[in-house]
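Asks:
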Amino acid sequence: GCNRTDTGNDANNDISEKPVVEESNEKGVTVNISAAASLSEALTEIQTEYAKENNDTLQFNFAGSGSLQKQIQEGAPCDLFVSASKAHMDALEEAGLIDTESRKDMLGNTLTLIASEEKADVIKGTDSLASAHVESISIGEPETVPAGKYAQQSFESLGITDKIKDKIVLAKDVKQVLEYVETGNVDFGLVYKSDAMLLQTGEIVADMPADSHDPIVYPVALIKDGKQLEAAADFYEFLQTDYAKGVFEKYGFVIL
Amino acid sequence: MLSPIILSLKIASIATVFSFVLGIFFGYILNRKNIPGKNIWETILILPMILPPSVTGYLLLIAFGKRGIIGDFLIEHFGIQIVFTWIGAVISACVVSLPLMYQNAKSAFISIDPIYEKAAETLGSSEWKIFRTVTLPLAWPGIISGVILSFARAIGEFGATLMIAGNIPGKTQTMPTAIYFAVESGNTDIANSLVLIMVVFSFSVIFALNTWLKRKNYIGKQG
Amino acid sequence: MLSPIILSLKIASIATVFSFVLGIFFGYILNRKNIPGKNIWETILILPMILPPSVTGYLLLIAFGKRGIIGDFLIEHFGIQIVFTWIGAVISACVVSLPLMYQNAKSAFISIDPIYEKAAETLGSSEWKIFRTVTLPLAWPGIISGVILSFARAIGEFGATLMIAGNIPGKTQTMPTAIYFAVESGNTDIANSLVLIMVVFSFSVIFALNTWLKRKNYIGKQG
Amino acid sequence: MNTYFKIKSQLDHFSVDIEYEFESGVLVVQGESGAGKTTLLKFISGLKNPEVGKIAFGEQIVFDHIDKINIPTRHRNIGYVFQNYALFPNMTVAENITYGIKNMIDFKDKAKREKLLSYCESVMNTFHIDHLKKKYPRNISGGEKQRVALSRAIVTRPKLLLLDEPFSALDEKTKKIVYKEFEQFKQNFHIPTILITHSSLECEMFADQKIVLENGKRVN
Amino acid sequence: MNTYFKIKSQLDHFSVDIEYEFESGVLVVQGESGAGKTTLLKFISGLKNPEVGKIAFGEQIVFDHIDKINIPTRHRNIGYVFQNYALFPNMTVAENITYGIKNMIDFKDKAKREKLLSYCESVMNTFHIDHLKKKYPRNISGGEKQRVALSRAIVTRPKLLLLDEPFSALDEKTKKIVYKEFEQFKQNFHIPTILITHSSLECEMFADQKIVLENGKRVN
Ligand SMILES: Nc1ncnc2c1ncn2[C@@H]1O[C@H](COP(=O)(O)OP(=O)(O)OP(=O)(O)O)[C@@H](O)[C@H]1O
Ligand SMILES: Nc1ncnc2c1ncn2[C@@H]1O[C@H](COP(=O)(O)OP(=O)(O)OP(=O)(O)O)[C@@H](O)[C@H]1O
Ligand code: MOO
Ligand SMILES: [Mg+2]
Ligand SMILES: [Mg+2]
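Protein chains in written order, with the numbering used here: chain B, 273 to 528; chain U, 684 to 906; chain Y, 684 to 906; chain A, 161 to 380; chain H, 161 to 380.
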């Protein structure tokens, strides 16, 4: 609602002072942005606001960070990359494909425990995860899903890895964890806060302790090969306005 | 690395057998009998071909899951769990490969000159015997074609299987799932070997089925 | 919500046309001529059916990307970019649907009694004319079956398309990708409407093709 | 055993209206090409059903539109030689010929089975097709196909034989052999037969009665 | 124009060894069922190729295993009536009959095309099949099929006619009409013809020369 529009106005003021933006206002260009699928809602909302002030067309390509990384490696057109994990950005940095100076950990997220409807009241907090009431826990495949990796780290630091080993159900992505919990086929799941907010049936139980796993970060960087780096930089700046931050927070992200 | 291969084989084979039977059954029933709403049934059969596998998988998860009608029934009365077991993988592989078997059986049945079935009728054969001894053998090239495609689809099935059967190494991890995770986690070597195995393997299957087809084909041979 | 539908339609239609032509071409060439290594060609054609779509997509990305041989050639000489354009989506849809068209065309050609082609030969027809006027019409039920399956597969294609064409709303976002992301971002209503549209839509297509098939089918009609 | 048929039907562009009754023996049906002879056999065999009519084989009514009787083809116990033979392309000559007897109840009894099979052998023998046993229909000549079709139709000893130009593709020498065999078969088994033929010789030789069709109607 | 053929070939279980030359006119081929008559026509038309042999239509050599000449069937300019007719199931009677003339170069010229088409019409007329024009082969009778096949083969005015029992399915009245038409056609166009028939009447009527086959060899 209303308060969003307010933040938006603030952001407008911020940006219109910058000369760069006015230049590109005269003649719009198309900026290619590859962004992690989990950011699609937030970024689309920000895009609408951005379009009011700027003639550039933002062309988003949403997919899993792994697919995006491969596409960029094979030379797919891209000016700006917003990754959901450090590893994928690292891979591109090693390949020398990103503008290293522009790399920034923009957002963070929180690992959250969710429960199916039936099991919503069985445990109070994350410390009773190892109890016998918990028959199954779904996490993302640690090798490929960043959220799964963090979940594994948390189990390790809580010292329950061995106790819950046989209860783990690995999923292809965070969305699948949500679906398992929503349909009641798995009792509990570990997902990002931003995903947990989409849960339709079932409950959010608690956040995992932030220090139980590596920091969850969403790095962003400009791509060296990009054709519209200046215009991309404008949007990159815009992502750090208060308005944009407000939108991200609304969707459950943490601003770093 | 061996277990996904064996599992894939087992799942695809069983699924193909079911598709084979069901595809021929529906191909015959829907195209030889006057079934009301034929077009609707046909669309339902072909639907899993059109829907993204993840949607198909989600629908299967709902139907066969703990809270689903079928899943609940099976657990209650038979103690059979579908979700996260290889049976689930068989079901999803069967559902996605059935459209292929159905369409191929259908066009094969349609192409048969009805005079042969009529001749068999004058010789006193029941419909079932005519089907077994005349219709099916004459439809053979199309049937085999359907089997090849069904098997290929079943062995390559990924999205729906992953959803309902999960990805439990040694239990429900099939070749495509193993490949997917190998690719995603950058294990290029494992991914490549698995892809190679699938290629070699499918080559053998297609080769074998083609050879079989040739033996069983009466129509196309030059007179 | 309209643009993914139109885009899907466009992509699937164009891809089906290509599959149609290529599937018939290969179905004829590989099964009527003595092509060396027939089984190998056949396996290559069917491979995209067996490989997980994401693997197929990755292979296509490597071939058609800026750094790939084909992609490089096309950009250099024609200025055509494949990756992240609807052309890429057409290519992936075509590659995954070709096996279906091929197998169906193949079994249809095999089932034709060669006497008709021989009769046409005695009447002075060239091979091409025989193909157009005799072989193809007699293979029609199988061909249509292949078209139905190809179209269904092309419209449902997701994994490979996502890889090579990306998921750019209004530009390369097809119905399956839109559904995937609607589901992903919790827009159940949009996801459901899109699935419904796909169901209704595929029903219409199958219905239309079946009607057409009936008109064009000479063999199966009762004498 | 009297065979009776009364058939009224309107096929597109062709209407049929025939009534006839004949006692056991051979009824020859003649008529110009396109007169409706083959169509008549389709009605009698039950492969087509008329709008109005009645068909009876002796006591047994196999079709009656008033009483809504319509015994399916497979229970009418007929032998049918099709004009284009309709041999099963997926079976050898021997399999084609023994196909019908495998549907008979007698076939379950071992002694009777042996007898049936040896009868098949002897029929193949007399029609000079025993050397073709293992060949597929696509690999035999036109006249050979016709003899196979004839053998297939008679080995089940049907209650009624429907023969659509069963000798037309035979050379004169073979014809004579087959004629003799058929004559013998007729005398041994007394099976009522409807024989379509264009040959006045065959008509003379076999006809106990004769009807002539023209444009779907009986004209003699 | 002399037609010459010498054919040696070993098909599985059946060997062919025939040599003959005949001047323009009708060569009747006789022989028992399975003697190799149809097989001979397949060799002459090029649908099968012998291991050893030579085939010439007048000056033109269409096959010679020594000189490796093998003109494909479609350029041999023949008219072939198949024993089972082989009418295209996907075309109407009229389309079947005009199919061959559409392959002729003359067809491109408007005036000639009209002439060819009206010739087709007249052939259909004389064979009494003009009322069937729009029907599909599956919906016409056996005798009608045979007349369509005969029409289809002659309308292109081929250099050589191969007729495999082209009158066998006709009733006697229709036969007479077709005989007369065929006789006329023969006299007007002087096309060398190989005619397979089992009928001694036909042999008498049409044969300028005659050969008899037995087991793949010539015996007269
Ligand atoms: N399925 C059909 N649909 C429409 N017309 C048909 C069909 N079958 C046959 N006819 C027509 O019905 C008429 C009778 O056909 P039928 O096959 O009974 O002739 P017939 O007396 O057996 O002739 P022949 O001696 O040439 O075999 C013919 O004019 C034929 O064209
Ligand atoms: N494709 C084939 N493969 C093997 N044997 C064949 C094949 N075609 C025909 N034959 C055999 O070759 C012999 C000659 O056959 P052909 O068809 O030439 O006989 P025909 O003289 O035309 O007889 P009919 O008068 O009965 O038509 C027969 O014994 C037949 O069984
Ligand atoms: O789709 Mo993600 O945001 O890379 O897990
Ligand atoms: Mg007839
Ligand atoms: Mg012959």
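From the three backbone atoms N, C-alpha and C, an ideal C-beta is built for every residue, glycine too.
Got a sec? Which residues, its chain only, sit under 8 Å from residue 305(H) by beta carbon, not counting five neighbours each side?
Replies: These residues qualify, in order along the chain: 245, 247, 297, 329.
Asks: Quick check on residue 361(H): buried or exposed, where buried means 16 or more other Cβ atoms within 10 Å of its Cβ?
Replies: Exposed.
Asks: Taking C-alpha atoms, which residue in 860(Y), 806(Y), 804(Y), 799(Y) lies nearest to residue 688(Y)?
Replies: Checked all of 860(Y), 806(Y), 804(Y), 799(Y); the closest Cα to residue 688(Y) is 860(Y).
Asks: Determine the direct distance from the alpha carbon of residue 704(Y) to that of residue 342(B), and round the result to whole angstroms.
Replies: Rounded to the nearest angstrom, the two C-alpha atoms are 32 Å apart.
Asks: Residues of chain Y with CB closer than 8 Å to the CB of residue 470(B), please, in chain order.
Replies: Under the 8 Å cutoff, chain Y gives 868, 869.
Asks: Cβ closer than 8 Å: which chain Y residues qualify as neighbours of residue 348(B)?
Replies: What residue 348(B) touches in chain Y: 744, 748, 749, 766, 767, 849.
Asks: Quick check on the burial criterion: 16 or more other C-beta atoms within 10 angstroms. Buried or exposed for residue 295(B)?
Replies: Note that residue 295(B) has pLDDT 44, beneath the 50 cutoff, so the model's placement of it is unreliable and no number is given.
Asks: Under the criterion of a Cβ to heavy atom distance below 7 Å, does residue 304(A) qualify as lining ligand 2?
Replies: Indeed, a heavy atom of ligand 2 lies less than 7 Å from the Cβ.
Asks: Taking the alpha-carbon positions, what's the residue 277(H) to residue 195(A) distance?
Replies: Roughly 28 Å between the two C-alpha positions.
Asks: Terminal residues of the continuous beta strand (DSSP E) containing residue 518(B)?
Replies: Where residue 518(B) is concerned, there is no enclosing beta strand (DSSP E), although the alpha helix (DSSP H) it sits in stretches over 514-522.
Asks: Could you tell me the boundaries of the beta strand (DSSP E) in which residue 169(A) lies?
Replies: First-last of the beta strand (DSSP E) with residue 169(A): 163-171.
Asks: Assign residue 313(H) to buried or exposed, taking buried as 16 or more other Cβ atoms, counted over all protein chains shown, within 10 Å of its Cβ.
Replies: Residue 313(H) is buried by the Cβ-count criterion.
Asks: Along the chain, where does the alpha helix (DSSP H) that runs through residue 190(A) open and close?
Replies: Element bounds for residue 190(A): not the alpha helix (DSSP H) but the beta strand (DSSP E), 186-191.
Asks: Is the distance from the Cβ of residue 451(B) to the Cβ of residue 741(U) below 8 Å?
Replies: Yes, Cβ-Cβ distance for residue 451(B) and residue 741(U) is below 8 Å.
Asks: Leaving out five residues before and five after residue 728(U) in sequence, what residues of the same chain have Cβ atoms less than 7 Å from its Cβ?
Replies: Hits under 7 Å: 709, 781, 782, 785.
Asks: For a quick check, are the C-beta atoms of residue 807(Y) and residue 162(H) less than 8 Å apart?
Replies: Cβ distance not < 8 Å, so residue 807(Y) and residue 162(H) don't count as in contact.
Asks: Quick check: what's the CA-CA separation for residue 873(Y) versus residue 817(U)?
Replies: Each residue's alpha carbon lies about 49 Å from the other.
Asks: Please report how far the alpha carbon of residue 351(B) lies from the alpha carbon of residue 319(B), in whole angstroms.
Replies: C-alpha separation (whole angstroms): 16 Å.
Asks: Below 8 Å on the Cβ atoms is my guess for residue 885(U) versus residue 718(Y); work out the distance and round it to an integer in Å.
Replies: Going by Cβ atoms, the distance from residue 885(U) to residue 718(Y) rounds to 19 Å, so no, they are not a contact pair.
Asks: Does any residue of chain U have a CB that is nearer than 8 Å to the CB of residue 635(Y)?
Replies: One cannot answer for residue 635(Y) here, as it falls past the ends of chain Y, which runs 684 to 906.
Asks: Put residue 322(A) into one of helix, strand or coil per three-state DSSP.
Replies: Strand at residue 322(A).
Asks: When you compare only the Cα positions, how much space is there between residue 791(U) and residue 790(Y)?
Replies: Looking at the two C-alpha atoms, the distance is approximately 8 Å.
Asks: Once the 5 residues before and after residue 205(H) are set aside, which same chain residues still bring their CB inside 8 Å of it?
Replies: Cβ within range, chain order: 233, 236, 238, 240, 322.
Asks: Would the beta-carbon of residue 301(H) be found less than 7 Å away from any heavy atom of ligand 1?
Replies: Checking the Cβ of residue 301(H) against ligand 1 gives yes.
Asks: With distances taken Cα to Cα, identify the nearest neighbour of residue 339(B) among 757(Y), 761(Y), 767(Y).
Replies: Checked all of 757(Y), 761(Y), 767(Y); the closest Cα to residue 339(B) is 767(Y).
Asks: Under 7 Å: does the beta carbon of residue 805(Y) sit that close to some heavy atom of ligand 5?
Replies: Checking every heavy atom of ligand 5 against the Cβ of residue 805(Y), none is found closer than 7 Å.
Asks: Taking the Cβ atom as the reference point for each residue, do residue 482(B) and residue 436(B) lie within a distance shorter than 8 Å?
Replies: Not a contact, by the Cβ cut-off of 8 Å.
Asks: Quick check: is the beta carbon of residue 359(B) nearer than 8 Å to any beta carbon in chain Y?
Replies: Taking Cβ atoms only, chain Y never reaches closer than 8 Å to residue 359(B), which makes this a no.
Asks: Quick check: residue 392(B) and residue 475(B), are their CB atoms within less than 8 Å of each other?
Replies: In this structure, residue 475(B) lies closer than 8 Å to residue 392(B) by Cβ.
Asks: How many Å lie between residue 217(A) and residue 259(A) at the Cα?
Replies: Rounded to whole angstroms, residue 217(A) to residue 259(A) spans 24 Å at the Cα level.
Asks: Leaving out five residues before and five after residue 297(B) in sequence, what residues of the same chain have Cβ atoms less than 7 Å from its Cβ?
Replies: Caution is warranted here: a pLDDT of 49 is assigned to residue 297(B), below 50, making its placement in the model unreliable, and the coordinate value is therefore given only provisionally. For residue 297(B), where only same-chain residues beyond five positions count, the Cβ hits under 7 Å are 326, 327.
Asks: In the DSSP assignment, find the beta strand (DSSP E) that holds residue 302(B) and state where it starts and stops.
Replies: Counting along the chain, the beta strand (DSSP E) containing residue 302(B) begins and ends at 302-308.
Asks: One question on the structure: do residue 773(Y) and residue 831(Y) come within less than 8 Å of each other, judged by their Cβ atoms?
Replies: The answer is no: Cβ separation not under 8 Å.
Asks: Which residues of chain U have a Cβ atom closer than 8 Å to the Cβ of residue 722(Y), listed in chain order?
Replies: Within chain U, the residues near residue 722(Y) are 886, 889, 890, 893.
Asks: Rounding to the nearest angstrom, what Cα-Cα distance links residue 888(U) and residue 865(U) in this structure?
Replies: Cα-Cα distance, rounded: 24 Å.
Asks: Following a CB-centred definition, is residue 172(H) positioned closer than 7 Å to any heavy atom of ligand 2?
Replies: Answer for residue 172(H): yes, Cβ within range of ligand 2.
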